[in-house]
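S.K.: I'd like to ask you about the structure that follows.
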Amino acid sequence: MSSPFGPAATTAMGSLPGEDMREWTKFVLEGVTIPFLPELPARPYGDMVSRAAGVIGSLALDLQPAGWRLTGGNDPRASLDQRRARSLLQQDLDVLEELAEGYEGPLKVQLTGPWTLAATVELPRGDKVLADHGARRDLAEAVAYGLQEHVAELRRRVPGASLVVQIDEPGLPAVLAGAVPTASGWGKHRSVDGPGSVDLLSRVIEAVAPALTVVHCCAARPPIEVFRKAGAGGVAVDVSLLTDAAWEQIAFAVEDGTTLYAGVVPTTGAVPKPEQAAGLLTRRWHEIGLTQKSLVDVVITPACGLAGAPSPSDARARLELLGRTAQVVGDAAEA
14 MSSPFGPAAT
24 TAMGSLPGED
34 MREWTKFVLE
44 GVTIPFLPEL
54 PARPYGDMVS
64 RAAGVIGSLA
74 LDLQPAGWRL
84 TGGNDPRASL
94 DQRRARSLLQ
104 QDLDVLEELA
114 EGYEGPLKVQ
124 LTGPWTLAAT
134 VELPRGDKVL
144 ADHGARRDLA
154 EAVAYGLQEH
164 VAELRRRVPG
174 ASLVVQIDEP
184 GLPAVLAGAV
194 PTASGWGKHR
204 SVDGPGSVDL
214 LSRVIEAVAP
224 ALTVVHCCAA
234 RPPIEVFRKA
244 GAGGVAVDVS
254 LLTDAAWEQI
264 AFAVEDGTTL
274 YAGVVPTTGA
284 VPKPEQAAGL
294 LTRRWHEIGL
304 TQKSLVDVVI
314 TPACGLAGAP
324 SPSDARARLE
334 LLGRTAQVVG
344 DAAEA
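Have a look at this one:
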């Protein structure tokens with residue numbers, strides 16, 4: 014199955030440096046083929062977990078020194094922090110709606126997934142939501158419902174957009190491995206089995222259908238099989254980290270019609286030449302037995318989020334490199 018975006022598609026993972034939402038929105042609407050709603054964690058309430066807190070409407074959370082916590086209530090007005098996170102999101106959507114007037118084409122939005130939130134957000138009396146089966150189910154359902162409403166609002170604000178929903182799950186490998194520390198720091202939370210992990214993630218993915226979905230996880234062995242079974246149409250990875258076993262999973266996924274979002278442009282260090290950025294992807298593609306022609310369906314991205322870039326200009330240089338790198342990959346597909 015060919016990519017829905019056509020050849021030489023590019024995008025980024027969402028997070029960017031600095032605090033100028035207007036300038037970044039202008040840039041991504043023109044600078045990548047799959048524009049996205051920027052996330053600017055340098056702003057108060059601009060990080061990925063705060064963004065999720067702003068999207069969630071059926072559970073109340075507040076911000077403690079240790080991070081976000083469920084308050085145990087059902088009234089989101091109980092949390093000043095949650096209202097501030099929601100207000101910032103609305104301001105960002107206002108900017109997007111203004112600048113994307115008349116836009117037609119793909120548009121991506123990102124949100125922290127249920128397992129990473131469960132491993133990050135605390136219960137009212139301490140420890141992580143991950144420790145409580147009922148609480149993590151309730152959190153996943155709140156994420157699914159909130160994201161569904163968020164997507165509906167985006168469709169109203171940018172009616173010409175074909176939405177792509179990116180679910181960020183950097184914490185899922187640790188959840189599956191039983192590597193998330195308990196509150197005391199002396200132990201680890203019990204690992205979650207494969208079917209259990211698929212269940213909660215699939216609730217979120219199903220909630221936004223028929224929007225295209227991609228699950229993002231920058232790890233050496235991202236749980237690609239979990240993502241596929243949960244119904245994700247794409248997987249986003251940092252290709253420089255992948256083990257041989259992970260590349261095998263990539264091969265199975267691509268052959269099954271999953272779109273690969275290949276993180277090939279590094280987020281730090283020297284900005285490489287396009288041929289350098291594309292080299293690992295094109296070489297491993299051949300080694301795992303995929304056809305060169307199928308490279309045309311790969312979406313080219315930075316290795317991960319760019320919020321840690323030393324400056325907005327550095328991040329822009331990396332985003333500008335995406336198109337040239339995609340062209341090199343496209344040329345390899347035709348070779």
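What the sequence shown shows, in the working numbering, is residues 14 to 348, in sequence order.
Think of the CB as a built atom: it goes at the ideal place given N, C-alpha and C, for glycine as much as any other residue.
#1: Which residues in the same chain have their Cβ closer than 8 Å to the Cβ of Val164, if we skip the five residues on either side of it in sequence?
#2: Mark Arg138 as exposed unless 16 or more other C-beta atoms lie within 10 angstroms of its C-beta, in which case mark it buried.
#3: Roughly how many whole angstroms lie between the Cα atoms of Tyr58 and Pro279?
#4: Going by the beta-carbon positions, is the gap between Pro325 and Pro54 smaller than 9 Å?
#5: For Val284, I'd like the list of residues in its chain whose CB is within less than 7 Å of its CB, leaving aside the five on either flank, ordered along the chain.
#6: Ala187: which of Glu219, Arg234 and Glu288 sits nearest, CA to CA?
#7: Select from Ser71, Gly173 and Thr84 the residue whose C-alpha is nearest the C-alpha of Gly9.
#8: At the level of alpha carbons, what is the spacing between Arg216 and Lys242?
#9: Keeping to the same chain, check which residues put their C-beta closer than 8 Å to that of Val239; ignore five residues upstream and five downstream.
#10: Pull up the DSSP beta-bridge partners for Arg82, would you.
#11: Using C-beta distances below 8 Å, list every residue in its chain close to Arg82, excluding the 5 sequence neighbours before and after it, in chain order.
#12: Cutting at 7 Å between CB atoms, please list the residues of its own chain near Cys317, excluding the five before and the five after it.
#13: Can you tell me whether Glu52 is helix, strand or coil according to DSSP?
#14: Pair every Cβ in the region 193 to 206 with every Cβ in the region 257 to 269, then say whether three or more of these pairs are closer than 8 Å.
#15: Take Ile301 and list the residues in its own chain whose beta-carbon comes closer than 6 Å to its own, dropping the five residues that flank it on each side.
#16: Mind checking which residues open and close the beta strand (DSSP E) that includes Lys121?
#17: Out of Pro323, Glu43, Gly336 and Ser307, state which residue places its alpha-carbon closest to the alpha-carbon of Ala346.
#18: Can you grab the Cα-Cα spacing for the pair Gly246 / Ala131, in whole Å?
#19: For Leu319, collect the residues of the same chain with a Cβ closer than 8 Å to its Cβ; drop the 5 residues on either side in sequence, then sort them by chain order.
#20: Short of 8 Å in beta carbon distance, which residues of its chain neighbour Leu120, apart from the five on each side in sequence? Order them along the chain.
#21: Please report the straight-line C-alpha distance between Val228 and Asp181, rounded to a whole angstrom.
#22: Tell me which residues share the same chain as Thr38 and place their Cβ nearer than 7 Å to its Cβ, disregarding the 5 neighbours each side in the sequence.
#23: Glu268 to Met61, Cα distance in whole Å?
#24: Does the distance from the CB of Leu303 to the CB of Ser253 come in under 9 Å?
#25: Only counting the same chain, and skipping five residues up and downstream in sequence, which positions put a Cβ closer than 6 Å to that of Gly67?
#26: In angstroms, rounded to a whole number, what distance separates the CA positions of Glu288 and Lys201?
#27: Per DSSP, what are the beta-bridge partners of Leu273 in this structure?
#28: Can you list, in chain order, the stretches of the beta strand (DSSP E) that have 3 or more residues and sit fully within the region 278 to 347?
#29: Tell me Ser175's beta-bridge partners as DSSP assigns them.
#30: On the DSSP letters alone, give me the boundaries of the alpha helix (DSSP H) that Thr195 sits inside.
#31: Within 10 angstroms of the Cβ of Gln104, are there 16 or more other Cβ atoms? Answer buried if so, exposed if not.
#32: What does the alpha-carbon distance come out to for the pair Pro78 and Ala21?
#33: Comparing C-alpha positions only, which one of Gly282, Asp33 and Thr295 sits nearest to Gly343?
#34: Report buried or exposed for Asp257, applying the criterion of at least 16 other Cβ atoms within 10 angstroms of its Cβ.
#35: Taking DSSP as the reference, what is the three-state secondary structure of Ile47?
M.R.: Straight from the coordinates:
#1: Reading the sequence shown from its first residue, position 151 is the one you call residue 164. The residues are Val122, Leu176, Val178, Val221 and Ala224.
#2: Counted from its first residue, the sequence shown places residue 138 at position 125. Exposed, because fewer than 16 other Cβ atoms sit within 10 Å of the Cβ of Arg138.
#3: Here residue 58 corresponds to residue number 45 of the sequence shown, with the count starting at 1. Here residue 279 corresponds to residue number 266 of the sequence shown, with the count starting at 1. Their backbone Cα atoms lie some 26 Å apart in a straight line.
#4: Residue mapping note: residue 325 aligns to position 312 of the sequence shown, counting from 1. Residue mapping note: residue 54 aligns to position 41 of the sequence shown, counting from 1. Contact: no.
#5: As a first step, residue 284 is located in the sequence shown; it is residue number 271 there, counting from the start. Cβ within range, chain order: Ala330, Arg331 and Leu334.
#6: In the sequence shown, counting from the first residue as 1, residue 187 sits at position 174. Ranking Glu219, Arg234 and Glu288 by Cα distance to Ala187 puts Arg234 first.
#7: Because the chain spans 14 through 348 in this model, residue 9 falls outside it and cannot be assessed.
#8: Here residue 216 refers to the residue found at position 203 of the sequence shown. Here residue 242 refers to the residue found at position 229 of the sequence shown. Between Arg216 and Lys242, the C-alpha separation is close to 12 Å.
#9: Along the sequence shown, read from residue 1 onward, the residue named residue 239 stands at position 226. Once the five neighbours on either side are set aside, the close Cβ partners of Val239 are Leu185, Leu189, Gly207, Ser210, Val211 and Leu214.
#10: Sequence index remark: in the sequence shown, residue 82 carries index 69 (1-based). DSSP output for Arg82 lists Asp75 and Glu135 as bridge partner(s).
#11: Locating residue 82 in the sequence shown gives position 69, counting from the first residue. Counting only Cβ-Cβ distances below 8 Å, and skipping sequence neighbours, we find Leu74, Asp75, Leu76, Val134, Glu135, Leu136 and Pro137.
#12: Locating residue 317 in the sequence shown gives position 304, where the first residue counts as 1. Hits under 7 Å: Met26, Cys231, Asp251, Gly276 and Thr280.
#13: In the sequence shown, counting from the first residue as 1, residue 52 sits at position 39. Strand, per DSSP.
#14: no
#15: The residue labelled residue 301 in the question sits at position 288 within the sequence shown. Hits under 6 Å: Trp260 and Ala264.
#16: Start at 1 with the first residue of the sequence shown, and residue 121 comes out as number 108. First-last of the beta strand (DSSP E) with Lys121: Gly118 to Thr125.
#17: Your numbering for residue 346 matches position 333 in the sequence shown. Nearest C-alpha to Ala346: Ser307.
#18: Position 233 of the sequence shown, counted from the first residue, corresponds to residue 246. Position 118 of the sequence shown, counted from the first residue, corresponds to residue 131. Roughly 23 Å separates the two Cα atoms.
#19: Position 306 of the sequence shown, counted from the start, is the residue given in the question as residue 319. So the qualifying residues of the chain are Ala25, Met26, Ser28, Leu29, Pro30, Thr280, Ala328, Arg331 and Leu332.
#20: As a working note, residue 120 is residue 107 in the sequence shown. Counting only Cβ-Cβ distances below 8 Å, and skipping sequence neighbours, we find Ile47, Pro48, Phe49, Leu50, Ala113, Leu167, Val171, Ala174, Ser175, Leu176 and Val177.
#21: For the purposes of this step, residue 228 is taken as residue 215 along the sequence shown, with counting starting at 1. For the purposes of this step, residue 181 is taken as residue 168 along the sequence shown, with counting starting at 1. Spanning the two alpha carbons is a distance of roughly 6 Å.
#22: Counting from one through the sequence shown, the residue named residue 38 turns up at place 25. Same-chain partners within the cutoff: Pro51, Val108, Leu109 and Leu112.
#23: Reading the sequence shown from its first residue, position 255 is the one you call residue 268. Reading the sequence shown from its first residue, position 48 is the one you call residue 61. Each residue's Cα considered, the two are about 31 Å apart.
#24: Position 290 of the sequence shown, counting from 1, holds the residue named residue 303. Position 240 of the sequence shown, counting from 1, holds the residue named residue 253. Contact: no.
#25: In the sequence shown, counting from the first residue as 1, residue 67 sits at position 54. Within the same chain, Gly67 has close Cβ partners Ala98, Arg99 and Leu102.
#26: Position 275 of the sequence shown, counted from the start, is the residue given in the question as residue 288. Position 188 of the sequence shown, counted from the start, is the residue given in the question as residue 201. Straight-line Cα distance between these residues: approximately 43 Å.
#27: The residue given as residue 273 occupies position 260 in the sequence shown. Looking at the DSSP assignment, Leu273 forms a beta bridge with Val248.
#28: 312 to 315
#29: On the sequence shown, residue 175 is found 162 positions in, with the first residue counted as 1. The partner list for Ser175 (beta bridge, DSSP) reads Pro119.
#30: Locating residue 195 in the sequence shown gives position 182, counting from the first residue. Unbroken run through Thr195: none, as it is neither H nor E.
#31: Against the sequence shown, residue 104 aligns to sequence position 91. Answer is exposed; the Cβ neighbour count stays below 16.
#32: Along the sequence shown, one-based indexing puts residue 78 at 65. Along the sequence shown, one-based indexing puts residue 21 at 8. Straight-line Cα distance between these residues: approximately 44 Å.
#33: Taking the first residue of the sequence shown as 1, we reach residue 343 at position 330. The option with the nearest alpha carbon to Gly343 is Thr295.
#34: Start at 1 with the first residue of the sequence shown, and residue 257 comes out as number 244. So Asp257 counts as exposed.
#35: To locate residue 47, count along the sequence shown from 1; it is residue 34. In this structure, Ile47 counts as coil in the three-state DSSP scheme.
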